[in-house]
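With positions in the sequence shown counted from 1, the corresponding number in this note's numbering is that position plus 519.
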Amino acid sequence: MTPEELDAAISKAADYLKVARRVAVLTGAGVSAESGIPTFRASDGLWEGHRIEDVASPDGFYRDPKLVWQFYGGRRANVATAKPNPGHLALVALEDRWGEDFTLVTQNVDGLHQDAGSRRVLEIHGSLRRTLCLKCDEVQDRGLGPLGDAPECHCGGRLRPDIVWFGEGLPVDIWEEAQIKASECDVLLVVGTSAVVHPAASLIPIARQTRTPGAKVIEVNMTRTEASALADVGLYGPSGQVLPRLVKRLGA
Ligand code: OAD
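Here it is, written out as structure tokens:
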């Protein structure tokens, strides 16, 4: 995309937003890339040197919980030193403008949206900061300090990260609310996601097709993705630069 094309696309996106009563956002790993958090889909098919099924599935955890905790320990330490970037902050500015009529649905588990100041956040894939006890089911916010490679609950049960792994369902209430917000919005911003993981990516057709006329879809990404064919406008560039420009154009 040339600088002129990007500028025209930002204007078009701002025009959609100006007349929107309700706004929803779907974010993925790309929104945190400029905070130094690696995205998922590297070309080697590995996730920081691991096969995804070894570190992000119930079977992997059953086979080798220590490996899984070492992996998540590394990810927790990485997030502990990360700060929200201007893309996260621009989404806070949008929430300030739309208030109750704004919802941010995130696939990210890093908590950087909340660190930036976002309040209406639906974490559909869980959080790196929380643990889930396999014995008493208690979910606890443990922050980002070290937990070791075999953390236990106060009840003596084994803890796992409170993250949705491959083969698992999404948290029912949160996912239901995300679908409702997507179906009710007038604009859906899709930021920094490859849009290949379902059901998260299905929020895009839900936003477009549940009502007539459907929501306008604005994609913000480095490149075109699976979502691009459903987007009314694509802003192709780093979200940490593009989103602040969009907010500025809106006059928010
Ligand atoms: P991916 O790694 O699949 O995609 C990241 C997207 O961000 C890609 O489309 C990149 O082009 C884009 N990107 C990279 N840097 C960017 C930047 N600075 N600005 C804008 N876009 C940028 O990550 P997700 O789509 O989030 O699930 O992956 C979805 C799910 O797959 C994750 O939530 C995770 C994973 O399995 C679970 O852990 C359950």
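Cβ atoms here follow ideal geometry from the backbone N, Cα and C, with glycine treated the same way.
Computed from a predicted model, the values in this text were never measured in an experiment.
Contact check, residue i vs residue j, beta carbons under 7 Å
| i | j | result |
| --- | --- | --- |
| D681 | R649 | yes |
| R679 | L651 | yes |
| L663 | V598 | yes |
| V611 | G636 | yes |
| S702 | T731 | no |
| N604 | G756 | no |
| V640 | G606 | no |
| L653 | R677 | yes |
| Y535 | V683 | no |
| I725 | Q698 | yes |
| A609 | L762 | yes |
| A533 | R768 | yes |
| A601 | I556 | yes |
| S713 | R560 | yes |
Segment limits, beta strand (DSSP E) that includes residue i
| i | result |
| --- | --- |
| R679 | 678–682 |
| V691 | Not the beta strand (DSSP E): V691 falls in the alpha helix (DSSP H), residues 691–703. |
| D660 | 658–660 |
| R768 | From DSSP, R768 is part of no beta strand (DSSP E) but of the alpha helix (DSSP H) over 758–769. |
| G645 | 645–652 |
Exposed unless 16 or more other CB atoms sit within 10 angstroms - verdict on residue i
| i | result |
| --- | --- |
| C704 | buried |
| L484 | Given that the chain is displayed from residue 520 to residue 771, the structure contains no residue 484 and the question cannot be resolved. |
| K537 | exposed |
| E567 | exposed |
| S554 | buried |
| A802 | Because the chain in this structure spans residues 520 to 771, residue 802 falls outside the shown range and cannot be described. |
| V628 | buried |
| A527 | exposed |
| E523 | exposed |
| K700 | buried |
| V739 | buried |
DSSP beta-bridge partners of residue i
| i | result |
| --- | --- |
| I737 | L708, V752 |
| V640 | L623 |
| T546 | T625, V710 |
| H569 | W566 |
| E671 | R677 |
Residue i: first and last residue of the uninterrupted alpha helix (DSSP H) it sits in
| i | result |
| --- | --- |
| P605 | 605–617 |
| D578 | 577–582 |
| H717 | Counting along the chain, H717 falls outside any alpha helix (DSSP H), and DSSP gives it neither H nor E. |
| A539 | No alpha helix (DSSP H) contains A539, which DSSP labels as neither H nor E. |
| A828 | As displayed, the chain neither begins before 520 nor continues past 771, which places residue 828 out of reach and without an answer. |
Notebook entry, point to check: How do the region 578–586 and the region 740–758 stand: do at least 3 beta-carbon pairs fall below 8 Å, yes or no?
Noted result: Counting Cβ pairs under 8 Å, fewer than three are found: no touch.
Check: When the Cβ atoms of the region 639–646 are set against those of the region 589–598, are three or more pairs found closer than 8 Å?
Finding: no
Check: Does the region 652–659 come close enough to the region 624–633 that 3 or more CB-CB pairs lie under 8 Å?
Finding: no
Check: Is the region 539–556 touching the region 606–623, taking contact as three or more C-beta pairs under 8 Å?
Finding: With the cut-off at 8 Å, the region 539–556 and the region 606–623 touch.
Check: Does the pairing of the region 726–738 with the region 750–758 give three or more beta-carbon distances under 8 Å?
Finding: yes
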